[in-house]
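Report on the structure given below.
Numbering (our numbering), first residue to last: 276 to 513.
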């Protein structure tokens with residue numbers, strides 16, 4: 276245990292900022308907007324360019340529509356941003372890199388095709404029998420990791436709690452609410468699909484994923500100071 280403790284403490288040490296690294300806040304904002312806009316882009320694109328006026332059972336089922344490239348492209352972009360994200364300490368980077376890996380898994384291992392409107396059968400990038408299982412594992416792991424980042428990492432500070440600004444306290448509330456929403460959404464999908472064993476033709480999964488992505492996006496936009504950023508006076512005190 277004595278040999279592990281220094282290593283754990285080293286993970287909490289703040290990184291020194293360098294101009295070569297992608298801006299923390301720019302990355303956070305980009306990731307946040309991509310998460311929020313993905314469901315809207317898929318829904319709008321399938322309606323305008325695919326003449327499809329029905330929701331798919333889940334966001335993942337847009338892989339089998341005319342919006343397949345958008346679905347895969349946005350997930351790969353989110354994955355890239357998360358892989359290049361260098362947080363304030365190693366825990367931030369490790370968790371973001373894990374989320375990036377899981378996002379990539381969601382993109383390259385598609386869910387099973389459902390007998391639903393506007394879908395067409397296409398060949399997966401990796402045509403293996405375990406695609407659907409790997410997809411669900413990747414999706415669940417992605418949202419769980421993102422929820423943990425929001426609940427346990429974004430809420431941290433290098434200052435004692437007594438010195439937190441009012442905006443920091445408000446941001447922490449947003450992080451916690453977003454993390455809780457993500458957990459509730461994933462739990463709802465698990466209960467719906469695994470415990471109750473409902474079929475895929477209902478759109479509950481789509482809406483739960485949409486709410487979870489919105490919570491994820493709001494959390495990252497807040498961390499990127501697009502929402503509830505510190506005032507100039509508070510920044511001067513840092």
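We treat Cβ as the ideally placed atom computed from N, Cα and C, and that holds for glycine. In this text, all values refer to a predicted model and were calculated from it rather than measured experimentally.
Continuous alpha helix (DSSP H) stretch holding residue i: start and end
i, result
"residue 359", "343-359"
"residue 423", "406-423"
"residue 367", "365-383"
"residue 493", "479-498"
Same chain, Cβ closer than 7 Å to residue i, five either side skipped, listed in chain order
i, result
"residue 472", "none"
"residue 429", "450, 494, 498"
"residue 296", "For residue 296, the predicted structure reports a pLDDT of 42, less than 50, and the residue's modelled location is therefore unreliable. A value from the coordinates is still provided. Counting only Cβ-Cβ distances below 7 Å, and skipping sequence neighbours, we find 361."
"residue 327", "321, 340, 392, 393"
"residue 356", "302, 305, 306"
"residue 345", "316, 317, 320"
"residue 439", "432"
Inter-residue CB distance, residue i and residue j (contact presumed, cutoff 8 Å)
i, j, result
"residue 416", "residue 377", "5 Å"
"residue 331", "residue 340", "7 Å"
"residue 454", "residue 422", "5 Å"
"residue 442", "residue 504", "7 Å"
"residue 309", "residue 353", "5 Å"
"residue 384", "residue 406", "5 Å"
"residue 463", "residue 386", "About 17 Å separates the two Cβ atoms, so there is no contact after all."
"residue 420", "residue 373", "5 Å"
"residue 424", "residue 370", "5 Å"
"residue 468", "residue 480", "7 Å"
Neighbourhood of residue i by C-beta distance below 8 Å, restricted to the same chain and skipping five residues each side
i, result
"residue 254", "An answer regarding residue 254 cannot be provided, because it is not within the stretch 276 to 513 covered by the chain."
"residue 396", "339, 388"
"residue 408", "none"
"residue 325", "340, 341, 342, 393"
"residue 485", "314, 334"
"residue 465", "415"
Own chain partners of residue i with C-beta closer than 6 Å, once the 5 adjacent residues on each side are dropped
i, result
"residue 329", "392"
"residue 311", "489, 492"
"residue 487", "418, 457, 460"
"residue 447", "430"
"residue 379", "354"
Residue i at chain B interface by Cβ criterion, 9 Å
i, result
"residue 459", "The structure shown has no chain B; it contains just one protein chain."
Runs of 4 residues minimum, wholly inside the stretch 304-333: which ones carry the alpha helix (DSSP H) assignment?
Taken in chain order, no unbroken stretch of alpha helix (DSSP H) lies wholly in the stretch 304-333 with a span of 4 residues or more.
Length at least 4, wholly inside the stretch 425-473: the alpha helix (DSSP H) runs in chain order
Every unbroken stretch of the alpha helix (DSSP H) spanning 4 or more residues and falling wholly within the stretch 425-473 is given here in chain order: 441-465.
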